[in-house]
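Enquirer:
Number of protein chains: 2
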Amino acid sequence: MSERFRVVSNINCQNCSISQLCLPYTLDDSSLNQLDNIIERKRPYHKGELIFQAGEPLRSLYAVRSGSFKSYSVSNDGDAQITAFHLPGDLIGFDSVHSSTYCSFSEALETSMVCEIPYANLETLSDQLPLLRRQVMRLMSSEISADKQLMSLLNNKSAEQRLATFLLDFSERFRSRGLSSREFRLSMTRAEIGNFLGLTVETVSRLLSKLHRESCITVDGKFIFLKDSPRLQDIAGLQLRACATS
Amino acid sequence: MSERFRVVSNINCQNCSISQLCLPYTLDDSSLNQLDNIIERKRPYHKGELIFQAGEPLRSLYAVRSGSFKSYSVSNDGDAQITAFHLPGDLIGFDSVHSSTYCSFSEALETSMVCEIPYANLETLSDQLPLLRRQVMRLMSSEISADKQLMSLLNNKSAEQRLATFLLDFSERFRSRGLSSREFRLSMTRAEIGNFLGLTVETVSRLLSKLHRESCITVDGKFIFLKDSPRLQDIAGLQLRACATS
DNA sequence: CGTACCTTTGACGAGGATCAACTCGGGTGG
DNA sequence: CCACCCGAGTTGATCCTCGTCAAAGGTACG
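Protein sequence lines, in the order shown, are assigned to chains A and S.
Using the UniProt record's numbering, you'd call the opening residue of the first sequence number 1 and step up by one each time.
Using the UniProt record's numbering, you'd call the opening residue of the second sequence number 1 and step up by one each time.
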């Protein structure tokens, strides 16, 4: 066997397939090594396990390595609101760095792996590596931007538009990770989709059935196949005005 | 007159009353001077004037000095979504730093002043001043956190709960700026409140009337007086469970 | 002082929540 | 191996909040 001695070390930033979506993006080799040195990789999380809970002291940020997670917060009156679904390459915890404690929960939706980035070390390293600092800021900015878009979705769009947008969003996210954008598996339940989109389970289920009936998509449990994504985009409200005016 | 020669220089970060809400927070004197040096202060913006538009190259971030602004984005199908209202001390533009162009619009709601922070200079200075970098990250994190909370508000709460939360949010923001938390003027129109909260003008107007009728608040045009803020908090869903269990 | 916009209030209807019943699949224990 | 259970998902019937449409003041600003 040509395996290296430190078997665990074959998981690292230098050879990570999704590094262009993650912290390493734009980093040179030396910086990349420094970053890789502060990252800890532990046992996988199983479905339902929490990476952290609201109220715990902020130790680390986490990058999804494989699998998926949901982040949610719990309001004073006790109901949970899912604020994001995380796929490989996504960073988790930016909403908490202004505080000394986590202000949300993050839970595995399936067996998943993460790279743990101790926050104190990231701070120190960011002071030394301007490129790293900039990438952190880019990622935070992207999250802000995405949240604003989501706000617009929740405020102005119908249930059907929300769901269509949701499916297209995941399609695009899978595509950018080198997976199929036409067929994929959604690891979350209907209830979780509904919670995220501000809809009930029943509405989500009804609309998936409707889109299936209209041959727009094929639904088989958690597996989704986009049969007619142009029409899905049309439903989502991404009208191709450019076409109309040309 | 004991005024300095450079009259304009009496407006600076060193003597700014809201610096603890803004970039200068935690900075030492030397750093503060360096920050102040890169900041540009220009003519006031009048109601309706844009600081920047979506698509323009990203030049600067902006800190509100006086007055107020709204930020909004315009979706493909042409309708605008207000994503934030900005009060003095707030920073504007974090949603765009992952891009080379602004991805939203920012418009004065009344005659207002801003401090312009050229982004390239902020980048350079952040490389030199770890404290500044950390404050930028804290502010970005706070914005992410606030957006998540808003998401929860829009997804789970009734129209009345949204409006009550909105009023309490502004009350708190005015308080932290040394203004009255009981009575204040909302510089935006009912339509803008509605757009932000995912409600129609009519609903906002009706609910303000209802709260007024029930002696919870007093409404006089844009002036709001919180007569019974405990009840408003109750309506907002911030139930004081702690009391119930004690 | 006129015009345009903002605000308020009423009547009505639709979209999605709620309530309820049933199916399906997987895990557990007898 | 099968009975049982539990959670997830689907579908139907009904209800209610809030959006839509309409019309009448109010207010601000040139």
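For glycine and all other residues, C-beta sits at the position ideal for the given N, C-alpha and C.
(1) Could you tell me which residues DSSP pairs with GLN81 of chain S in its beta bridges?
(2) Output yes if chain S places a C-beta closer than 7 Å to the C-beta of GLN233 of chain A; else output no.
(3) Say whether chain A places a C-beta atom closer than 7 Å to the C-beta of SER246 of chain S.
(4) Going by DSSP, which residues form a beta bridge with THR101 of chain A?
(5) Does ASP28 of chain A have its Cβ less than 7 Å from a Cβ in chain S?
(6) Check whether the segment 123-140 of chain S touches the segment 205-221 of chain S, taking contact to mean three or more Cβ pairs, one atom from each stretch, closer than 8 Å.
(7) Is LEU154 of chain A close to chain S? Criterion is C-beta to C-beta, closer than 7 Å.
(8) State the beta-bridge partners of ARG185 of chain A as determined by DSSP.
(9) For MET140 of chain S, decide whether its Cβ has a neighbour in chain A, counting only Cβ atoms nearer than 7 Å.
(10) For the pair the segment 150-164 of chain S and the segment 190-210 of chain S, tell me if three or more CB-CB distances fall below 8 Å.
(11) Who are the near neighbours of THR26 of chain A in its chain, counting only those whose CB is closer than 8 Å to its CB and skipping five residues on each side?
(12) Mind listing which residues of the segment 114-131 of chain S have their C-beta closer than 8 Å to chain A's C-betas, in chain order?
(13) Shorter than 7 Å from the beta carbon of HIS98 of chain S to some beta carbon of chain A?
(14) Measure the Cβ-Cβ separation of ASP95 of chain S and SER145 of chain A and say whether it is below 7 Å.
(15) Work out the CA separation of ASN76 of chain A and GLY237 of chain S for me, nearest whole Å.
(16) Taking GLY237 of chain S as the query, report the chain A residues whose CB atoms sit under 8 Å from its CB, ordered along the chain.
(17) By DSSP's criteria, THR203 of chain A is part of a beta bridge. Which residues make up the other side?
(18) Grab the span of the beta strand (DSSP E) containing PRO118 of chain A for me, first residue to last.
(19) Taking only beta-carbon positions, decide if GLU143 of chain S is within less than 7 Å of chain A.
(20) So that I know if they touch, is there some Cβ in chain S lying closer than 7 Å to that of ASP90 of chain A?
(21) Under the three-state reduction of DSSP, which class applies to VAL7 of chain A: helix, strand or coil?
(22) Kindly list the residues whose CB is nearer than 6 Å to the CB of PHE223 of chain A, restricted to its own chain and excluding five residues on each side of it in sequence; keep chain order.
(23) Just the Cα atoms here: how many angstroms apart are GLU214 of chain A and LEU226 of chain A?
(24) Taking the Cβ atom as the reference point for each residue, do PRO88 of chain A and VAL114 of chain A lie within a distance shorter than 7 Å?
(25) I believe ALA164 of chain S touches THR203 of chain S by the beta-carbon criterion, under 8 Å. Please report the beta-carbon distance rounded to the nearest angstrom.
(26) Under 7 Å, CB to CB, which of the residues in the segment 41-74 of chain S have a partner in chain A?
(27) Is it buried or exposed, GLU56 of chain A, if we count other Cβ atoms within 10 angstroms and call 16 or more buried?
(28) How should PRO24 of chain S be labelled, buried or exposed, when 16 other C-beta atoms within 10 angstroms of its C-beta is the threshold for buried?
(29) Might you give, ordered along the chain, the residues of its own chain that have their beta carbon closer than 7 Å to the beta carbon of GLU192 of chain S, omitting 5 neighbours on each side?
(30) Going straight from the alpha carbon of GLY93 of chain S to that of ASP220 of chain A, what length do you get?
(31) Please tell me whether GLN81 of chain S has its Cβ less than 7 Å away from any Cβ of chain A.
(32) At the level of alpha carbons, what is the spacing between LEU21 of chain A and THR101 of chain S?
(33) Where TYR72 of chain S and GLY67 of chain A are concerned, what is the direct C-alpha to C-alpha distance, given to the nearest angstrom?
(34) In whole angstroms, give me the CA-to-CA distance for VAL201 of chain A and TYR45 of chain A.
(35) Return no unless some Cβ of chain S is closer than 7 Å to the Cβ of SER229 of chain A.
(36) Hey, does PHE170 of chain S have any beta-carbon neighbour from chain A nearer than 7 Å?
Expert: Put simply:
(1) S:SER73
(2) no
(3) At SER246 of chain S, the pLDDT of 31 sits below 50, so the modelled position is not reliable; the number obtained from the coordinates is stated separately. With 7 Å as the cut-off, SER246 of chain S does not count as an interface residue toward chain A.
(4) A:PRO57
(5) no
(6) no
(7) yes
(8) A:PHE223
(9) yes
(10) yes
(11) LEU131, ARG134, GLN135
(12) GLU123, SER126, ASP127, PRO130
(13) yes
(14) yes
(15) 7 Å
(16) SER75, ASN76, ASP77
(17) In DSSP, THR203 of chain A forms no bridge with anything.
(18) 113-118
(19) yes
(20) no
(21) Because the pLDDT at VAL7 of chain A is just 48, under 50, the model does not fix this residue reliably, and the value given afterwards should be weighed accordingly. Looking at VAL7 of chain A - three-state DSSP - the assignment turns out to be helix.
(22) ARG185
(23) 12 Å
(24) no
(25) Actually they do not touch by this definition, with Cβ atoms about 13 Å apart.
(26) SER73
(27) exposed
(28) buried
(29) LYS70, ILE82
(30) 42 Å
(31) yes
(32) 20 Å
(33) 34 Å
(34) 26 Å
(35) no
(36) no
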